[in-house]
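For the sequence shown, full-length UniProt numbering puts the final residue at 161, and the numbers step up evenly by one.
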Amino acid sequence: MHQYGRIQVEHKERCKALLKRQLEVAQRSVTDNELENMLESGNPQIFTQGIITDTQQARQNLADIEARHEDIMKLEKSIRELHGLFTDMAALIETQGELVDRIDVNVKQTQDYVAEARQETKKAVVYKKKSRKKKFIIIGVCCAIVVIIIIIVIATVVPKK
């Protein structure tokens with residue numbers, strides 16, 4: 001009998017040590033008196049209450065992490081879209097740059113053509129004035145020749161008295 005009582009006490013001490021370690025793992029500190037009361041009450045909620053609390057906290061943490069993950073995914077998608085916009089903008093700028101360069105060259109050529117046309121117009125005005133003078137001179141010479149021919153014809157045809 002004595003051995004039975006000793007084995008029973010040893011078993012109780014081992015259970016007590018095991019319970020204390022389990023409570024420490026669950027991050028609950030208890031005194032030896034509280035530990036004795038827990039063992040004597042036989043209440044299983046001692047163990048499950050910490051687990052339930054930890055489970056609820058873990059679920060909340062999981063929900064927070066999932067929400068953050070969704071936000072990060074949305075942010076990544078937005079960054080990809082923004083990158084695409086910048087790439088498209090760069091391509092448009094490059095294309096427009098070539099077009100602007102071509103326009104610039106055309107404008108310079110047009111300025112050269114306009115300057116050349118002004119010179120040609122000035123020459124045309126001078127030629128017009130000179131041609132007008134030449135026309136009058138030619139008409140005058142033709143008239144003089146006609147008058148001389150008429151005088152010669154009249155002088156030869158009309159008998160001399």
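Heads up, the beta-carbon is just placed ideally off N, CA and C, and yes, glycines get one too.
Just so you know, these numbers come straight off a predicted model, no measurement behind them.
Inset, instruction - Let me know the secondary structure DSSP gives T53 once reduced to three states. - result: helix
Legend entry - Where M89 falls: helix, strand or coil (DSSP): helix
Legend entry - Where M73 sits in the DSSP three-state scheme: helix
Legend entry - Where V158 falls: helix, strand or coil (DSSP): coil
Legend entry - Separation of E24 from E34, as counted between CA atoms: 14 Å
Legend entry - Helix, strand or coil at T31 according to DSSP, with G and I counted as helix: coil
Legend entry - Distance between A144 and V153 (C-alpha atoms, nearest Å): 14 Å
Inset, instruction - Only counting runs of 4 or more residues, tell me where the alpha helix (DSSP H) segments fall wholly within the stretch 89-121, in order along the chain. - result: none
Inset, instruction - With distances taken Cα to Cα, identify the nearest neighbour of K16 among T87, G140, D32, I138. - result: D32
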